[in-house]
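One rule links them: number in the numbering used here = place in the sequence shown (from 1) + 18.
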Amino acid sequence: MKSSTLRRSNITREKIAMMEALSRYNKQHQDEDFYKAQNKTRELDILWQSFGVKPQKNEKAPQVYFVTGFILGVIATLAITTLVSLLVNLTTPKDDMVMPKKSAPIEASKISFIPADSAAVKSTAPVLANEEYTVKEGDTLESIVIRFYGAFDMSKVIAIQEANKMANPNALSIGQKLIIPMNK
19 MKSSTLRRSN
29 ITREKIAMME
39 ALSRYNKQHQ
49 DEDFYKAQNK
59 TRELDILWQS
69 FGVKPQKNEK
79 APQVYFVTGF
89 ILGVIATLAI
99 TTLVSLLVNL
109 TTPKDDMVMP
119 KKSAPIEASK
129 ISFIPADSAA
139 VKSTAPVLAN
149 EEYTVKEGDT
159 LESIVIRFYG
169 AFDMSKVIAI
179 QEANKMANPN
189 ALSIGQKLII
199 PMNK
């Protein structure tokens, strides 16, 4: 080194000589330590081989575990979804499986909800009279009209109201006697 550089750095020649000697010493001993470490690893390898311990396999990458988990999750989800849909289909009744019986059309003139009297059947001239009906529990004016006339007709409800002088068709009481006009 130049003397000007030494003066500026405040390092003396003795210090420089000592540093160079120290670096040579470290290089020399470093090589020795390296060879000692190499011998120790060879000795350890021989010991492990004598015990029969096999070297560890390389670990799989995390991507392999991620892809495997994803595929198994999709398969499990599909299996659960299929199982639930099968259970729901088995437990719910099918409306389209129960076929209603088709009946032949019935003429309105043949339907009679009231049993025919044997005297009325024998006579040739139909005599229509008013009938009397006693109101039972659960009866409504609409159900009574359907029972006597075969179908609901608002004109029949009004006729029954007028024949019985009723202000409110919903005010029926159990045991009440109603006159059902049959000639209208």
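Yeah, the Cβ is synthetic: ideal placement off N, Cα and C, and Gly gets one too.
Item	Value
So what does DSSP say about Ile-197, is it helix, strand or coil?	strand
Mind the definition here: the segment 146-155 touches the segment 182-199 only if three or more C-beta pairs lie below 8 Å; say whether that holds.	yes
Answer yes or no: do Phe-166 and Lys-154 have a C-beta to C-beta separation smaller than 9 Å?	no
Leaving aside the five residues before and after Met-200 along the sequence, list all residues of the same chain whose C-beta is less than 8 Å from its C-beta, in chain order.	Leu-146, Ala-147, Asn-148, Glu-149 and Phe-166
I believe Val-163 touches Asp-171 by the beta-carbon criterion, under 8 Å. Please report the beta-carbon distance rounded to the nearest angstrom.	7 Å
Please classify Glu-155: does DSSP put it in a helix, a strand, or coil?	coil
If you draw a straight line from the alpha carbon of Ser-191 to that of Asn-182, how long is it in whole angstroms?	13 Å
Would Ala-177 be called buried (16 or more neighbouring beta carbons within 10 Å of its own) or exposed?	buried
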